[in-house]
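Working notes for the structure below.
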Amino acid sequence: MSYTKKPTRKSGRKRDKWTDILPRYLTFISHMRPILRETRKIINDLDADLLIDTEIIDKIREEEEKRNIRKVRALSEFSAMYRSNVYEIIKDFIIKYRGTIPIIDIKDYIIEFLHESIGALYILRHITNPDQKNLDDTYLYSLSKYIEERLFPKGANLRMIYEKLLKFSNEYYECQRHLLQSHTYYREKLDVSDSFEIPGISPKIYQIINNITSLFNLDPSFGVFPERPDREIPMILKSEVFLPYIDSIANAEEESIENLAERIGMRLIDDLFLAPKEEFVSILEENNYLRTKKQSDGIIRYFPQFSNETLILHYLAFVSQRRGFLSKELINWVSMNFAFLIYMGILKWKLSDENIFYSIFKDLQTNEKILPYLMKLICFPNYLGLDKMKIRDSVQYRKEIFNFIGSQIDNLKELIDEVALFCEKFDKERKKK
Amino acid sequence: MGERIDSSWRDLLQSFEKGLELAIDQVQKRDVENIPGAKDALVQRLENMKLHFPRNNGDLFNKAVNEKIQNFFFPKTKNFSEAFSKILKSRTHEQDFIINELLNGFVTSKTKAIASGTQTPIIDRMVEAFSKRNDFHIVDHQFYAMFGDPNKPRHYIKNQLEELINMFGLVSKKLVVEKDVRRSEEKVYTFYTFPDDIIKILEEKYLVLDSKLGYAYVSENFDRNVFICMFLANIAINSDDIEKIGGSYTINGICAIFALVLLLSFMPKLSVDETNPILNDPGYDESNMSVIPKSWMMRQVLEPLFEPLIKIIAYRLGGGLWLSKVIDSEINKKIHNQIRFLLKDVNKWVLGELVRVEIPIFVEIANIFAEIVVGYDKE
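If you're matching them up, the sequences are chains D and B in order.
Heads up, the first sequence is in the working numbering, so the first residue is 24 and it goes up one at a time.
Heads up, the second sequence is in the working numbering, so the first residue is 75 and it goes up one at a time.
What follows is the structure, given as structure tokens:
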């Protein structure tokens, strides 16, 4: 008998099909909804006067907990935690308002809040079709396309993507920029020699891009446009960009300037100057970021007039166009933001602002059960088309990125409001069909 | 003593004058402006500054630095809660803008210097940590879980925590558990929160106390700027104790930021031709933005003005003690160059023109200058 080693499969690599990930996404949601429905039924059947005594709520909860028959430990633990949170919130709400609001109204409020939450979970449960048919008719597809169009559009070429981004930059520039600024930038490598991986923008890179924008606007040199010798393009000295940095703190960035330049539509000329690439020159010209002036010698000179977003949007367009080559950090960050916007948009649409159960939906423990799978679903080819294998499964990492959900930017909140409005509109149109 | 102080002040004013001369010279030499008359307006403004700033023993600086910057950011008091309350009350939406863009950048880099292993925005995480609990405390092990590095010994992160606590002026309370459930050993938990009198101030807007449930929630308004106000209040009351406020690093950083604010405030607004494309750009809002000469951002113009101005701010805010801590080495000049890009979106580029977002502190400082110039014309 010969001993042959069985091939080992890497954990986390086995569940990569749509039919594997969708059930994982639905698992926890399908356990949350019955708990809320049971609770709603119990509260509904309960005489309102009995609610005044919170001990009754405690006893009901104890009874409900006894009914737990689920075999999978993670699920039963989650259900217990979820139920306990729901009852705790109901109890706090009663204690807080029983002196000021009639108990019958309190009961109505609780039932209403539960009803809204069940509605939100219903949408999350039916976010897409398991067989991916009639995609246009699903929330996941429509919402991801709605957000994609604004922040991460697809297009036949870079120019088209840039134009699309520019169309929404007045409203959502901060969100567009946010999508590039992964909070785990410190794990990024600026230059991976054996692949074309594109990282996000670290604070230092952002500062350098600002620097480049300023130098172009202030006092650029001019040199022959290599592809069109009758024209001159603006260029700046590479060394001047890095002049303010002491103690080699921007050494890594300086060494990978060629890669960075490509991402912002620039190129290195004679290893000394940074100048816009031919393709970018025409995009800049079309959008008034370059103006032309005929010199006395007949040569046409391009004068730069960049805005804050000129180069950043090129970076984003470049990332969007080459979305198959994004770094692990950037893929996780982009898909996390999309998942977050979709999730929060649905909650905003379905739950009223004063809903007492909002906190459970926003809780890290709930987020980490839903968002990672939503992130993977969004990565499939019909949606963002990112490499879902790069989505991390480590709990520590999830904590790290989800922690930033709380520190969201105002512009992101505005987009969530818009997503909620879109959900409502989409739902109405869907019902009409 | 009095004479010595006067002579220092006089020297500072003179060096600023010299800086202005150099800046004017640079502006004259190079023309980077697209808007007709922009260069002349800038030269005129710099000439005016040269004329008016030294007058009345530099009274213009007293008004701009002591009456505006100090009032908004470093109120003159020795009482921590009073300082905090004043800074917090000067918060407006626009004021937050500058705190966010400038001071947050500085405080973040400082906290990073303290907790260098973590590299994550610590203030945001602190806000999160307070928001996640309903007793308005954070516990030491919560901090270790957030920022701990498994490759470094525990005492390392303990020291970092101590430094952060001191930097923001938080207070600690210890809870001793005689027998811990797992090992039946004594366990000491350290809780950190804001001082009682600060909590009272926060109750007005940032904290919701629920007496029925005994909970203390943070409201939606509780944000990183509350921590930055604590940081500023700490500097305000300990301005004569350099060690307590973080040494020369803090002084140099803070003074450089306000030097930049001052310079930005003094730059003249330009009127643009109605056909200028900037007026149609969606990123430009005429109601709260104005175009200023872009030569202002040139290193050659900014450099000779920046250094004396940092010293002037240091002298006005912290006297000779702060002045002695300003480092004017070549390396620091390069760092100043970096600081001008700290302004990020406060002054943005729109179609190649430098645009100032008119937030109150800029307007108020600019008004002082306008008043003085007008007054002088009348004389």
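Using N, Cα and C, we set each Cβ at its ideal position, and we do this for glycine too.
With respect to Asn208(B), Tyr289(B) sits close: the two C-beta atoms are nearer than 7 angstroms. At least one beta carbon of chain B lies nearer than 7 angstroms to the beta carbon of Asn193(D). Here Ser313(B) carries a coil assignment [DSSP, helix/strand/coil]. Counting along the chain, Ile269(D) sits inside no beta strand (DSSP E), nor does DSSP assign it H or E at all. Taking the beta carbon of Asn311(D) as reference, the chain B residues within 7 angstroms of it are Pro351, Leu425, listed in sequence order.
The count of Cβ pairs closer than 8 angstroms, one atom from the region 326-344 of chain D and one from the region 178-193 of chain D, reaches three, so the stretches are in contact. Looking at the backbone, the Cα of Ile409(B) and that of Leu428(B) are separated by about 22 angstroms.
Of the other Cβ atoms in all chains shown, fewer than 16 fall within 10 Å of the Cβ of Arg251(D); this residue is therefore exposed. Per DSSP, Asn362(B) has no beta-bridge partner at all. A Cβ-Cβ separation of about 6 angstroms places Val109(D) in contact with Ile58(D) under the 8 angstroms criterion. The C-beta distance from Tyr280(B) to Val300(B) rounds to 6 angstroms, short enough to fall under 8 angstroms.
In this chain, the alpha helix (DSSP H) harbouring Asp81(D) covers 77-89. Taking a beta-carbon distance threshold of 7 angstroms, Ile232(D) does not count as an interface residue toward chain B. In terms of Cα proximity to Ile118(D), the closest of Ile133(D), Ser53(D), Arg106(D) is Ile133(D).
At a cut-off of 7 angstroms, the C-beta of Val106(B) has a neighbouring C-beta in chain D. Within chain B, the residues Ile405, Lys408, Ile409 have their CB atoms less than 7 angstroms from the CB of Ile269(D), given in chain order. In the DSSP assignment, Arg129(B) falls within the unbroken alpha helix (DSSP H) covering 129-135. The beta carbons of Gly288(D) and Phe303(D) sit about 3 angstroms from each other, so the pair counts as a contact at 8 angstroms. If you check the CB distance, Ser89(B) and Pro382(B) come in under 7 angstroms. Judged by DSSP in its simplified three-state form, Lys399(B) adopts helix.
For Leu249(B), the enclosing beta strand (DSSP E) begins and ends at 245-251. Nearest CB-CB separation between Met371(B) and chain D: below the 7 angstroms threshold. Contact note: Pro327(D) reaches chain B through Gly426, using a C-beta cutoff of 8 angstroms and chain order. Distances from the alpha-carbon of Ser237(D) to those of Asp159(D), Phe219(D), Ile126(D), Leu260(D) put Leu260(D) closest. If you check each beta-carbon in the region 234-250 of chain D against every beta-carbon of chain B, the ones closer than 7 angstroms belong to Asn234, Thr236, Ser237, Asn240, Leu241, Asp242. If you keep only unbroken alpha helix (DSSP H) runs of at least 4 residues inside the region 86-152 of chain D, you get 96-120, 126-148. Per DSSP, Phe326(D) is one residue of the beta strand (DSSP E) stretching across 323-327. Contact annotation, Phe445(D) with Tyr169(D): C-beta distance approximately 5 angstroms; criterion of less than 8 angstroms satisfied.
Within the region 338-392 of chain D, the runs of alpha helix (DSSP H) at least 4 residues long that lie entirely inside it are, in chain order, 351-373, 381-385.
Bridge partners of Trp423(B) according to DSSP: Leu428(B). In terms of beta-carbon proximity, Lys422(B) lines the interface with chain D, with at least one pair separated by less than 7 angstroms.
Non-local C-beta neighbours of Ala97(D) in its own chain, meaning closer than 7 angstroms and more than five positions away in sequence, are absent.
Nearest in C-alpha terms to Ile405(B), of all of Met359(D), Ser271(D), Thr315(D), Phe449(D), is Ser271(D).
If you look at Phe204(B), you'll find it in the alpha helix (DSSP H) that goes 196-206. The C-beta of Pro356(B) comes closer than 7 angstroms to at least one C-beta of chain D. By alpha-carbon distance to Ile141(D), the top candidate from Ala179(D), Tyr196(D), Thr62(D), Gln199(D) is Thr62(D).
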